[in-house]
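Chains as they are written, first to last, in this note's numbering: chain E, 10 to 648; chain L, 300 to 656.
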Amino acid sequence: MAEGATSHNSVNETIGILLARNASNHGSNIAMREKERGIWKESTWREYSEDVLACAAGLEKIGVKPGKAVLILGDNRARLYGGMLAISLLGAYAMPAYPGATLDELQHFLGEADIVAAIAEDQEQVDKILEIRDAGASGIEHIIYDETRGLGFYEDDGLMSWDHLIEIGLHDLNEIPSRREELLHRAGPDDPAIFLHSSGTTGKPKGIVLSQKNVLTAAKNGHDAGAFGEDEDILAYLPMAWVGDYAITVAAALRYRFTVNVPERQETVVRDMREIAPTFYLAAPRSWDQMLTTIQVGMEDSTPLKKWLYHFFMDRAIAAETRKLNGKSGGALEPLGRLLGEALVFGPIKDQFGMSRLKSAFTGGEAIGEDTFVFYRALGIKLRQLYGQTEISAISAIQAPNEVRLHTVGTPAPGVEVKIDDSGQIMLRSNSVFSGYFNKPEASAEALQDGWLLTGDAGYLEENGQLVVLGRVSEVMYTAGGERYVPNYIENRLKFSPYIKDAAVLGSGLDELTAMVCVDFEAVGHWAEVNGVPYVSYADLSQRDEVATLLREAFSRVNKAVTEPLQLKRFVSLPKEFDPDDGEITRTRKLRRKVVQERYADVIAALYDGSKEVHVSAQVTYETGEVGKVEKNLPIREV
Amino acid sequence: MFYRLSGVHHANYVSDSRIFKVPADRNLAIFIFLFGLAAPFLLPSLYLNSYMLPWLIWTAAALGLNLVTGWAGQLHLGYAAVMAVGAYSAIHAARFGVPWEFALIIGGLASSVIGSLFAFAALRVKGLYLALTTLAMQFVMDWVLTHSPAISGGSHASLQSPTLALLGQDITSDTGYYYVAFGWCVLVTIFMLNLKRTGLGRALVAVREKDFAAAILGVNSFYYKILAFAASSFIAGVSGALLVATFFFLAAPEQFSVAVSIQVLAMVIVGGLGSIIGSYLGVALILLVPGLVNGIVAGGSQSLGMQINVETLAHIPNAVYGALIVIILLIEPLGLGKLYGNIRDYLMVWPFDQLRK
Numbered sequence: 010m011a012e013g014a015t016s017h018n019s020v021n022e023t024i025g026i027l028l029a030r031n032a033s034n035h036g037s038n039i040a041m042r043e044k045e046r047g048i049w050k051e052s053t054w055r056e057y058s059e060d061v062l063a064c065a066a067g068l069e070k071i072g073v074k075p076g077k078a079v080l081i082l083g084d085n086r087a088r089l090y091g092g093m094l095a096i097s098l099l100g101a102y103a104m105p106a107y108p109g110a111t112l113d114e115l116q117h118f119l120g121e122a123d124i125v126a127a128i129a130e131d132q133e134q135v136d137k138i139l140e141i142r143d144a145g146a147s148g149i150e151h152i153i154y155d156e157t158r159g160l161g162f163y164e165d166d167g168l169m170s171w172d173h174l175i176e177i178g179l180h181d182l183n184e185i186p187s188r189r190e191e192l193l194h195r196a197g198p199d200d201p202a203i204f205l206h207s208s209g210t211t212g213k214p215k216g217i218v219l220s221q222k223n224v225l226t227a228a229k230n231g232h233d234a235g236a237f238g239e240d241e242d243i244l245a246y247l248p249m250a251w252v253g254d255y256a257i258t259v260a261a262a263l264r265y266r267f268t269v270n271v272p273e274r275q276e277t278v279v280r281d282m283r284e285i286a287p288t289f290y291l292a293a294p295r296s297w298d299q300m301l302t303t304i305q306v307g308m309e310d311s312t313p314l315k316k317w318l319y320h321f322f323m324d325r326a327i328a329a330e331t332r333k334l335n336g337k338s339g340g341a342l343e344p345l346g347r348l349l350g351e352a353l354v355f356g357p358i359k360d361q362f363g364m365s366r367l368k369s370a371f372t373g374g375e376a377i378g379e380d381t382f383v384f385y386r387a388l389g390i391k392l393r394q395l396y397g398q399t400e401i402s403a404i405s406a407i408q409a410p411n412e413v414r415l416h417t418v419g420t421p422a423p424g425v426e427v428k429i430d431d432s433g434q435i436m437l438r439s440n441s442v443f444s445g446y447f448n449k450p451e452a453s454a455e456a457l458q459d460g461w462l463l464t465g466d467a468g469y470l471e472e473n474g475q476l477v478v479l480g481r482v483s484e485v486m487y488t489a490g491g492e493r494y495v496p497n498y499i500e501n502r503l504k505f506s507p508y509i510k511d512a513a514v515l516g517s518g519l520d521e522l523t524a525m526v527c528v529d530f531e532a533v534g535h536w537a538e539v540n541g542v543p544y545v546s547y548a549d550l551s552q553r554d555e556v557a558t559l560l561r562e563a564f565s566r567v568n569k570a571v572t573e574p575l576q577l578k579r580f581v582s583l584p585k586e587f588d589p590d591d592g593e594i595t596r597t598r599k600l601r602r603k604v605v606q607e608r609y610a611d612v613i614a615a616l617y618d619g620s621k622e623v624h625v626s627a628q629v630t631y632e633t634g635e636v637g638k639v640e641k642n643l644p645i646r647e648v
Numbered sequence: 300m301f302y303r304l305s306g307v308h309h310a311n312y313v314s315d316s317r318i319f320k321v322p323a324d325r326n327l328a329i330f331i332f333l334f335g336l337a338a339p340f341l342l343p344s345l346y347l348n349s350y351m352l353p354w355l356i357w358t359a360a361a362l363g364l365n366l367v368t369g370w371a372g373q374l375h376l377g378y379a380a381v382m383a384v385g386a387y388s389a390i391h392a393a394r395f396g397v398p399w400e401f402a403l404i405i406g407g408l409a410s411s412v413i414g415s416l417f418a419f420a421a422l423r424v425k426g427l428y429l430a431l432t433t434l435a436m437q438f439v440m441d442w443v444l445t446h447s448p449a450i451s452g453g454s455h456a457s458l459q460s461p462t463l464a465l466l467g468q469d470i471t472s473d474t475g476y477y478y479v480a481f482g483w484c485v486l487v488t489i490f491m492l493n494l495k496r497t498g499l500g501r502a503l504v505a506v507r508e509k510d511f512a513a514a515i516l517g518v519n520s521f522y523y524k525i526l527a528f529a530a531s532s533f534i535a536g537v538s539g540a541l542l543v544a545t546f547f548f549l550a551a552p553e554q555f556s557v558a559v560s561i562q563v564l565a566m567v568i569v570g571g572l573g574s575i576i577g578s579y580l581g582v583a584l585i586l587l588v589p590g591l592v593n594g595i596v597a598g599g600s601q602s603l604g605m606q607i608n609v610e611t612l613a614h615i616p617n618a619v620y621g622a623l624i625v626i627i628l629l630i631e632p633l634g635l636g637k638l639y640g641n642i643r644d645y646l647m648v649w650p651f652d653q654l655r656k
């Protein structure tokens with residue numbers, strides 16, 4: 010597979026070798042910072058490596074070996090990251106799951122691989138594992154937990170604290186002096202680094218095993234493409250089961266000695282981010298949108314002078330940035346406005362959000378709205394797009410800092426080859442491409458052809474080498490009139506409105522396009538407060554006429570951007586948000602079209618049969634796992 | 300806008316309990332300190348010894364009163380009397396031949412002993428009764444001073460202060476006096492800044508908020524009240540002694556009359572209870588603004604060619620100055636310190652209106 014242009018980017022390092030190198034050459038640099046009770050507890054590479062080794066020795070004692078898997082369950086914790094590395098040292102599968110994963114989803118994982126142990130964050134996650142164990146998964150013999158609170162009186166078999174595991178491991182390490190060396194050099198480049206899952210927009214998630222060579226090559230590709238340098242400060246806040254988090258927080262951090270900062274809790278991420286002020290930040294477009302909404306709402310609530318200053322500088326900066334995107338140059342006073350704006354408005358805003366030290370800021374996973382994109386560029390944050398898949402260890406193409414276009418995702422990273430097949434599908438080849446879905450030869454054969462990865466994305470290469478991604482090949486649909494469209498493309502444009510959180514565009518095989526949307530509770534709720542629109546709940550707010558007017562504006566904006574036959578004619582605002590717990594979207598918030606079409610069949614029918622109103626009873630899964638219903642009459646709105 | 304907080308994190312509790320957590324605050328403090336150091340070279344000597352020097356000494360004194368009134372919450376109307384004890388003791392000691400370093404400490408200790416002895420009796424009552432008792436102390440002290448020639452030299456006499464000498468060095472120049480006052484004020488300020496983050500400071504605040512609630516928490520409120528009086532009296536004593544040694548050069552009973560007590564209390568209240576920067580601002584307002592207003596009114600009437608008779612001219616500044624205090628307390632009842640805090644908060648959340656949740 011490693012031939013031609015890609016061969017020079019092959020790395021023969023392993024996680025163990027890199028860990029040993031960091032511990033010996035940069036032993037006193039900070040590897041991990043974890044916030045606990047307001048204090049950032051630091052551990053150096055030497056300490057971190059010792060912890061990983063002890064954990065590996067301990068895991069081996071309790072029966073973790075190649076071919077077996079260990080479930081990682083919880084929010085980002087330094088110890089869970091250490092545990093993943095330890096599992097890689099042993100050549101076993103580290104299998105992270107989303108902390109919000111339901112029992113069904115976990116059951117699916119169990120069916121795939123031989124899970125012998127689990128490392129859990131706290132009591133909540135331990136309870137979950139105990140529950141699936143009671144349901145028949147007796148293979149999980151050991152459960153290791155990080156946070157001891159609430160677990161003092163648990164007497165279940167195989168339950169042990171992290172400290173106890175380390176104790177076992179240290180005892181073992183100290184008995185045989187050569188164990189450390191041996192553990193660090195045991196696994197080879199082709200041994201597994203991580204066991205991830207595809208997002209599963211269609212059907213069950215597929216297992217994806219990335220080897221140590223895959224993930225470390227991806228890290229090198231990213232570095233060579235200029236995504237990050239050495240010794241970056243990063244915030245580990247992305248879900249651990251997402252490939253983006255592994256590629257940056259584990260692989261790149263190991264290879265380029267980042268300091269990984271783990272926030273205290275999910276709820277404190279914003280504050281912790283300000284305290285750390287990372288130099289590298291990767292977020293989904295949704296997070297950037299959210300932050301933009303927070304800034305805008307905050308500014309609207311501000312005092313007149315501050316508001317005036319903000320608009321004065323921001324409006325000019327946005328205009329200047331838009332001109333730049335369109336290839337025009339600005340006026341003579343532009344640099345002056347930039348300078349003053351930076352001191353008075355942009356700098357303080359960046360400071361409030363911990364973005365003042367950012368060297369590289371990335372958005373990835375989905376298309377980003379022009380407004381959002383331009384806003385951050387105007388703020389002085391060099392936001393760039395990143396394109397990648399789980400199958401290629403997250404990094405395929407990256408925009409260079411000074412050649413940013415909205416419609417492209419940048420040039421392919423060094424070490425990644427791109428080819429467009431006859432059907433217009435993007436194909437990729439690199440040493441970071443995985444070697445096939447876990448135990449799914451047919452699916453693997455479909456995805457890999459002669460070492461090329463079929464991404465399933467439609468796209469093309471521009472003459473200057475920039476890659477353009479259009480959307481999923483499987484999602485190209487046709488109306489009854491034969492008009493070709495990509496629903497995801499239109500949905501993304503709808504979602505660029507701050508008031509729309511999720512959207513599902515309908516019309517495949519039908520005369521015209523319509524849509525179901527979920528309003529953004531925070532943004533619309535605030536808008537309602539400011540404009541004196543009374544509401545009692547999400548279900549109530551989403552159906553108000555005033556809100557419908559607001560949504561209509563967003564629709565007409567989208568309609569202006571698409572051709573006549575693809576204009577959206579009617580829409581329904583749903584009385585509940587799409588929720589991964591209800592299966593309507595994946596944990597990475599991608600639409601599960603089939604589920605949505607089944608569940609809202611009545612609504613879809615009503616959108617096309619000319620009715621004025623439709624009764625809907627939507628299913629809601631509560632955090633306890635109970636299922637409830639939301640009943641509501643929804644008016645059908647004309648755009 | 301000036302307050303940048305991103306990237307400020309603490310890897311241990313020692314760093315988390317620093318005096319200045321915000322870099323901008325620390326920079327401001329350093330700037331003010333450097334300005335204070337360089338003042339003799341920047342300001343003409345008139346300004347130095349008739350404005351800066353009394354300002355610094357009165358600030359040290361006001362901080363002492365703030366300790367007992369702002370932190371421990373005990374109203375004190377006899378503060379000038381305590382200062383008098385320190386001033387007379389120190390000068391007598393110095394005249395007796397004790398080196399000034401020790402004489403100042405003797406002054407402080409004498410104040411401390413008398414202040415806390417008195418507090419023993421006074422603290423049996425609370426609130427307004429305590430205020431009245433401290434006022435009684437003021438009158439007792441006035442009476443003692445005017446009626447015991449051994450201490451003050453008699454009712455209309457004054458006591459010459461010997462030449463100030465510290466570390467074997469005679470201090471006679473304006474610059475020298477200024478630095479002595481500056482050094483003392485810095486010492487007291489550092490003490491007060493640290494007080495906030497010690498167990499003692501927290502205990503005092505607990506006593507202030509509700510003494511019996513503090514007692515329930517295990518804080519011996521009587522003990523801490525006495526301690527507050529003792530520490531505050533020490534500061535008062537040394538400040539009183541330095542006031543005489545560097546500014547008045549002779550001690551007379553009317554320098555420490557009840558009016559002065561009220562004035563120091565006014566400095567603390569206008570400045571803001573429990574606020575350190577407030578004490579500086581409060582003293583500046585009470586001490587320096589009358590002169591300033593005087594100058595403005597006189598200069599203004601002259602340049603406008605108005606013929607105002609001398610008596611009116613003397614009263615206008617007083618009226619303006621009184622009005623100024625009323626206006627400030629109307630705008631912000633918590634004083635100038637809080638006013639500064641409001642401006643700081645406004646800039647701290649810039650360009651937003653409030654802290655993001």
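Using N, Cα and C, we set each Cβ at its ideal position, and we do this for glycine too.
Beta-carbon gap between residue i and residue j smaller than 8 Å
i: F447(E); j: C527(E); result: no
i: K44(E); j: E273(E); result: yes
i: M382(L); j: F546(L); result: no
i: I141(E); j: Q116(E); result: yes
i: M249(E); j: N85(E); result: yes
i: I390(E); j: L367(E); result: yes
i: L247(E); j: D254(E); result: yes
Cβ shell of residue i (< 8 Å), same chain only, five flanking positions each side left out
i: Y312(L); result: none
i: W370(L); result: L494, G500, L503, V504, R507, A527, G573
i: K425(L); result: D510
i: K215(E); result: H206, S207, G209, Y446, F447, K449, A452
Neighbouring residues, chain L, relative to residue i (Cβ below 7 Å)
i: D310(E); result: D652
i: I243(E); result: Simply none; closest approach about 13 Å.
Beta-carbon separation (whole angstroms), residue i vs residue j, contact threshold 8 Å
i: L334(E); j: Y396(E); result: About 19 Å; that fails the 8 Å criterion.
i: L4(E); j: L192(E); result: Residue 4(E) lies beyond the stretch modelled for chain E, which goes from 10 to 648, so this question has no answer here.
i: Q394(E); j: G419(E); result: 6 Å
i: M566(L); j: I585(L); result: 5 Å
Same chain only: Cβ atoms within 7 Å of residue i, ignoring 5 sequence neighbours per side
i: E12(E); result: Confidence is the limiting factor: at E12(E) the pLDDT is only 37, short of 50, which leaves the residue's position unreliable, though a coordinate-based value still follows. Same-chain partners within the cutoff: there are none.
i: A95(E); result: V61, C64, A65, L68
i: L355(L); result: A480, F481, C484
i: S16(E); result: Here the model assigns S16(E) a pLDDT of 41, short of 50, so the residue's position is not dependable, and the following value carries that caveat. Nothing meets the Cβ criterion.
Amino acids of chain E, ordered along the chain, whose beta-carbon sits closer than 8 Å to that of residue i
i: N311(L); result: I48
i: D315(L); result: G47, I48
Neighbourhood of residue i by C-beta, 6 Å cutoff - its chain only, sequence neighbours within 5 removed
i: D60(E); result: G91
Interface residues of chain L facing residue i [CB-CB closer than 9 Å]
i: I285(E); result: S305, G306, H308
Contact list for residue i against chain L, beta-carbon separation under 8 Å
i: I358(E); result: P650
i: L318(E); result: P650
Beta-carbon neighbours of residue i, restricted to chain E and to distances below 7 Å
i: M440(L); result: Simply none; closest approach about 48 Å.
- [ ] Could you pull out every unbroken beta strand (DSSP E) segment of at least 3 residues lying fully inside the segment 228–299 of chain E, listed in chain order?
- [x] Runs of the beta strand (DSSP E) inside the segment 228–299 of chain E: 242–244, 268–271, 289–292.
Task: Segments assigned beta strand (DSSP E), at least 3 residues, entirely inside the segment 347–412 of chain E - done: Listed in chain order, the complete beta strand (DSSP E) runs (minimum 3 residues) inside the segment 347–412 of chain E are 369–373, 392–396.
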